[in-house]
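>
2 protein chains.
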Amino acid sequence: MNLNIPDTRQQVLALRLDQGSQLIAQELALEFDVSLDTIRRDILALEAEGKARRVRGGAVPIAKPVSPMLERLSSGHGVNQAIIDATIAHVSDVPTLLVDGGTTTLAIISQLPKLDQRLVITPSPWIAIAAQERGSDVHLLGGNLSTSGGITTGNTTLSSINDIAVDVALLGVCGLDPEFGLSADDHAEMHMKQAMHRAANSTIIATEQSKLGTKARHRTLPVDEIDLIITDANPDMIKPFEQSLVKIELV
Amino acid sequence: MNLNIPDTRQQVLALRLDQGSQLIAQELALEFDVSLDTIRRDILALEAEGKARRVRGGAVPIAKPVSPMLERLSSGHGVNQAIIDATIAHVSDVPTLLVDGGTTTLAIISQLPKLDQRLVITPSPWIAIAAQERGSDVHLLGGNLSTSGGITTGNTTLSSINDIAVDVALLGVCGLDPEFGLSADDHAEMHMKQAMHRAANSTIIATEQSKLGTKARHRTLPVDEIDLIITDANPDMIKPFEQSLVKIELV
DNA sequence: CAAGTTTTTGCAATATTTTGCAGGATTATG
DNA sequence: CATAATCCTGCAAAATATTGCAAAAACTTG
Chain A
115 MNLNIPDTRQ QVLALRLDQG SQLIAQELAL EFDVSLDTIR RDILALEAEG
165 KARRVRGGAV PIAKPVSPML ERLSSGHGVN QAIIDATIAH VSDVPTLLVD
215 GGTTTLAIIS QLPKLDQRLV ITPSPWIAIA AQERGSDVHL LGGNLSTSGG
265 ITTGNTTLSS INDIAVDVAL LGVCGLDPEF GLSADDHAEM HMKQAMHRAA
315 NSTIIATEQS KLGTKARHRT LPVDEIDLII TDANPDMIKP FEQSLVKIEL
365 V
Chain B
115 MNLNIPDTRQ QVLALRLDQG SQLIAQELAL EFDVSLDTIR RDILALEAEG
165 KARRVRGGAV PIAKPVSPML ERLSSGHGVN QAIIDATIAH VSDVPTLLVD
215 GGTTTLAIIS QLPKLDQRLV ITPSPWIAIA AQERGSDVHL LGGNLSTSGG
265 ITTGNTTLSS INDIAVDVAL LGVCGLDPEF GLSADDHAEM HMKQAMHRAA
315 NSTIIATEQS KLGTKARHRT LPVDEIDLII TDANPDMIKP FEQSLVKIEL
365 V
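Top to bottom, those sequences are chains A and B.
Quick note: the first sequence uses our numbering, first residue 115, plus one each step.
Quick note: the second sequence uses our numbering, first residue 115, plus one each step.
1) Is there a Cβ of chain A sitting closer than 8 Å to that of GLN136 of chain B, yes or no?
2) In three-state DSSP terms, what is ILE119 of chain B?
3) Mind reading off the beta-carbon distance from THR267 of chain B to ALA302 of chain B? Whole number of angstroms is fine, and I expect it under 8 Å.
4) With DSSP as the reference, identify every bridge partner of ASP251 of chain A, one or two as the case may be.
5) Is ILE197 of chain A helix, strand or coil by DSSP?
6) Could you please tell me which residues of the stretch 271-300 of chain A, in chain order, have their CB closer than 9 Å to any CB of chain B?
7) Using the Cβ count rule (16 or more neighbours within 10 Å means buried), how would you classify PRO239 of chain A?
8) Go through the stretch 254-281 of chain B residue by residue and report every complete run of the beta strand (DSSP E) that reaches 3 residues or more, in order.
9) Tell me, please, whether the stretch 131-150 of chain B touches the stretch 355-364 of chain A by the rule of three or more beta-carbon pairs shorter than 8 Å.
10) From which residue to which residue does the beta strand (DSSP E) around ILE352 of chain A run?
11) Could you tell me whether the Cβ atoms of ILE197 of chain A and ILE344 of chain A are closer together than 8 Å?
12) Hey, quick one: how far does the beta strand (DSSP E) through ILE344 of chain B stretch, first residue to last?
13) Spatial neighbours of ILE278 of chain A within its chain, please: CB distance less than 6 Å, with the 5 preceding and 5 following residues excluded, ordered by chain position.
14) Which residues in chain B sit within 8 Å of GLY396 of chain A, going by Cβ to Cβ distance?
15) Once the 5 residues before and after LEU255 of chain B are set aside, which same chain residues still bring their CB inside 7 Å of it?
16) Rounded to the nearest angstrom, what separates SER121 of chain A and GLU163 of chain B at their Cα positions?
17) Looking only at its chain, what residues have a beta carbon closer than 7 Å to the beta carbon of ARG123 of chain B, apart from the 5 residues adjacent to it on each side?
18) Cβ closer than 7 Å: which chain A residues qualify as neighbours of THR122 of chain B?
19) With distances taken between CB atoms, is the gap from LEU127 of chain A to LEU137 of chain A smaller than 8 Å?
20) Beta-carbon within less than 6 Å of SER250 of chain A's beta-carbon, same chain only, minus the 5 sequence neighbours each way: which residues are those?
21) For GLN225 of chain A, which residues in chain B fall below 9 Å Cβ to Cβ?
22) Just checking: is the beta-carbon of THR210 of chain B within a distance shorter than 8 Å of some beta-carbon in chain A?
23) If I measure Cβ to Cβ from ASN258 of chain B and keep anything under 7 Å in the same chain, skipping five residues before and after, which residues do I get?
24) Tell me whether ILE129 of chain B is buried or exposed, calling it buried when 16 or more other Cβ atoms sit within 10 Å of its Cβ.
25) Go through its chain and collect everything with a Cβ distance to ARG154 of chain B's Cβ below 8 Å, but skip five positions before and after it.
26) Under a three-way DSSP split, which group does ASP291 of chain A fall into?
27) Does DSSP put LYS307 of chain B in a helix, a strand or coil?
28) Under DSSP, the alpha helix (DSSP H) around THR219 of chain A begins and ends at which residues?
29) Can you grab the Cα-Cα spacing for the pair GLY263 of chain B / LEU212 of chain B, in whole Å?
30) VAL169 of chain B CB to nearest chain A CB: under 8 Å?
31) Compare the C-beta of ALA242 of chain B against all C-beta atoms of chain A and say whether one is closer than 8 Å.
32) Helix, strand or coil, according to DSSP, for THR152 of chain A in the structure here?
33) Quick one: what does DSSP say GLU363 of chain B is sitting in, helix, strand or coil?
34) Using CA coordinates, which residue listed in A:THR217, A:ASP230 and A:PHE355 is at the minimum distance from ILE376 of chain A?
35) Is DSSP giving SER238 of chain B helix, strand or coil here?
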């Protein structure tokens, strides 16, 4: 049983507003099993705190000029939670992680359990910030920040990666095709992903089903080189991958 | 059966809160076979220790504090707009900027006018993200991310700075005293600021009046080395600086 | 062990908060 | 304009909090 009190309800409502959903008083009254007036008063309170804009029938999120950076930083918006959980199960004990940029990896890292003495190495400033927030030591790979993928690239970055040896590399995905392998949108990023793969004992990829079977511009790694793919695809979609050696975990 | 004393009960309750569950006074009274008042007092004690947030009907876990940096990221919240404007007037045309971390510099960079072909070099992932959003090219200096100030530090970072020559360095401030000069909280950050100063033709500092006259732990630069200080202090407060050569702009 | 002290507990009287409801006012819509 | 939905206001009932107090339990000390 849950506490059904103004405080708790308002917290839930505020969360939903943050996620961009609108509140419909009628529905909420049913859901929380209280009268319309109670929901109305909750919304009134949220409005007083500046967390909601009241409209007829409910409330809508405050129109906030969110910069895309903050948007992406707000942990794992739209990333399948099952993928996040499964990946964390694989990497939470790893003392040294090499992490690529991307929304999926960002969502994973920002939910990483706190662990003393973990080191996260990354070319992505977003990942660096998220990892630091989770209490990890962070080594940021310097270089020119690529506009497309948001990771640093360039010769200096590549040469610093070549001096590194880590347990696990967690790579992001632009495209993943059974024949074409892992692919990247950008030439410089392709080189980075390849270098990260070389630097690690094992390479893990977490990706949503929408990326499966697609090809991005630059071929990066053959499927056989990948150690583990974690995805929410349905079993049919991974059939083409089964003839390769890669291990696939469905969630 | 366990000892049913305040200490034991409170330990159990604290554990449950840590696991994220809510405490419902009614249920607990039944479970521990004590009166509601006793449970209430337990919760009162937990609240005093900062382990619970009391609500009507029981208690809920302490709302985990939003990471301070992320909070402050919300563009320039709390930074004097006049300082931002004045600093932008000085740096908006500069083709190559070396930018230190910190809330003030972050607020400045995130309001920088869009300009083709500007390059921002920075050891701060926050600055890097903000600068990229403003359309600048970004070079991120790699290194270990310092927990205190949020900039990369270490030998690799220092040596990459030494290979750089830029027009303007925009430094953050921990303390600024007429005698002691510019100071930093952290030893590694001190080295970084010094290196950034050396790499630049001119060094600009933007700071709020609260930092004036204060000393942080590590002396970093004498006041005379600074080219320009932009601040919202009142004229009295900058009197002690007038005997040095530094130019001060009041806003 | 016994007397004194402190802690813990339950209870009762009194606030305070929360809730649902009834009525009249306001707004959207055809 | 008519109708229906929603909103606002005041109010009373229910649930929960707070306070003060006294009995019981546990601890301390000689």
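The C-beta atom is built at its ideal place from N, Cα and C for all residues, glycine as well.
Treat the numbers as computed from the prediction; the structure is a model and nothing was measured.
On the basis of the coordinates in this document:
1) Here residue 136 of chain B refers to the residue found at position 22 when the second sequence is read from its first residue. It does; some Cβ of chain A falls within 8 Å.
2) The residue you call residue 119 of chain B lines up with position 5 of the second sequence. The answer is coil: DSSP assigns ILE119 of chain B none of H, G, I, E or B.
3) Residue 267 of chain B sits at position 153 when you count from the first residue of the second sequence. Residue 302 of chain B sits at position 188 when you count from the first residue of the second sequence. About 4 Å; that satisfies the 8 Å criterion.
4) As a first step, residue 251 of chain A is located in the first sequence; it is residue number 137 there, counting from the start. Answer is A:LEU233, bridged to ASP251 of chain A.
5) Start at 1 with the first residue of the first sequence, and residue 197 of chain A comes out as number 83. DSSP places ILE197 of chain A in helix when its eight states are reduced to three.
6) THR271 and SER274
7) Locating residue 239 of chain A in the first sequence gives position 125, counting from the first residue. Buried: at least 16 other Cβ atoms inside 10 Å.
8) 257-259
9) no
10) Looking up residue 352 of chain A in the first sequence gives position 238. Looking at the DSSP string, ILE352 of chain A is not in any beta strand (DSSP E); the run it does join, the alpha helix (DSSP H), is 349-352.
11) In the first sequence, residue 197 of chain A corresponds to position 83, counting from 1. In the first sequence, residue 344 of chain A corresponds to position 230, counting from 1. Yes; because the gap between Cβ atoms is below 8 Å, this pair is in contact.
12) The count along the second sequence starts at 1 and reaches residue 344 of chain B at position 230. Per DSSP, ILE344 of chain B belongs to the beta strand (DSSP E) from 342-345.
13) The sequence position of residue 278 of chain A within the first sequence is 164, counting from 1. So the list reads ALA313, once near-sequence residues are dropped.
14) Nothing about residue 396 of chain A can be reported from this structure: the residues present for chain A run from 115 to 365 only.
15) Residue numbering aside, residue 255 of chain B sits at position 141 when the second sequence is read from its first letter. Correct list, in chain order: ILE235, THR236, PRO237, THR266, THR271, SER274 and ILE275.
16) The residue you call residue 121 of chain A lines up with position 7 of the first sequence. The residue you call residue 163 of chain B lines up with position 49 of the second sequence. A small correction: the amino acid at residue 121 of chain A is Asp; Ser does not occupy that position in the sequence shown. Those two C-alpha atoms are separated by around 21 Å.
17) Along the second sequence, one-based indexing puts residue 123 of chain B at 9. Counting only Cβ-Cβ distances below 7 Å, and skipping sequence neighbours, we find PHE146 and ASP156.
18) Within the second sequence, residue 122 of chain B is the residue found at index 8, counting from 1. Here the premise fails: no neighbours, minimum Cβ distance about 24 Å.
19) Start at 1 with the first residue of the first sequence, and residue 127 of chain A comes out as number 13. Start at 1 with the first residue of the first sequence, and residue 137 of chain A comes out as number 23. Taking 8 Å as the Cβ cut-off, LEU127 of chain A and LEU137 of chain A qualify as a contacting pair.
20) As a working mapping, residue 250 of chain A is identified with position 136 in the first sequence. These residues qualify, in order along the chain: ARG232 and VAL234.
21) For the purposes of this step, residue 225 of chain A is identified with residue 111 of the first sequence, where counting begins at 1. Within chain B, no residue comes near GLN225 of chain A; the closest Cβ sits about 12 Å away, beyond 9 Å.
22) Taking the second sequence and counting its residues from 1, the one referred to as residue 210 of chain B is at position 96. False, the Cβ-Cβ gap to chain A never drops below 8 Å.
23) As a working mapping, residue 258 of chain B is identified with position 144 in the second sequence. THR266, THR267 and GLY268, listed in sequence order.
24) As a working note, residue 129 of chain B is residue 15 in the second sequence. One detail in the question is off: residue 129 of chain B reads as Leu in this sequence, not Ile. So LEU129 of chain B ends up on the exposed side.
25) On the second sequence, position 40 is the one that residue 154 of chain B refers to. Closer than 8 Å at the Cβ level, and outside the excluded window around ARG154 of chain B, lie ALA139.
26) Locating residue 291 of chain A in the first sequence gives position 177, counting from the first residue. In the structure shown, ASP291 of chain A sits in a strand (DSSP, three-state: E or B).
27) Along the second sequence, read from residue 1 onward, the residue named residue 307 of chain B stands at position 193. It is helical.
28) Taking the first sequence and counting its residues from 1, one reaches residue 219 of chain A at position 105. Looking at the DSSP string, the run of the alpha helix (DSSP H) that includes THR219 of chain A is 217-223.
29) For the purposes of this step, residue 263 of chain B is taken as the residue at position 149 of the second sequence. For the purposes of this step, residue 212 of chain B is taken as the residue at position 98 of the second sequence. Near 16 Å, if we compare the C-alpha coordinates of LEU212 of chain B and GLY263 of chain B.
30) Taking the second sequence and counting its residues from 1, the one referred to as residue 169 of chain B is at position 55. Output row for VAL169 of chain B: interface = yes.
31) Taking the first residue of the second sequence as position 1, residue 242 of chain B is located at position 128. With 8 Å as the cut-off, ALA242 of chain B counts as an interface residue toward chain A.
32) Here residue 152 of chain A is taken as the residue at index 38 of the first sequence, counted from 1. In the structure shown, THR152 of chain A sits in a helix (DSSP, three-state: H, G or I).
33) One-based indexing of the second sequence puts residue 363 of chain B at position 249. In the structure shown, GLU363 of chain B sits in a strand (DSSP, three-state: E or B).
34) The requested residue 376 of chain A is not part of the displayed model; chain A covers only 115 to 365.
35) Along the second sequence, read from residue 1 onward, the residue named residue 238 of chain B stands at position 124. SER238 of chain B: coil per DSSP, three-state reduction.
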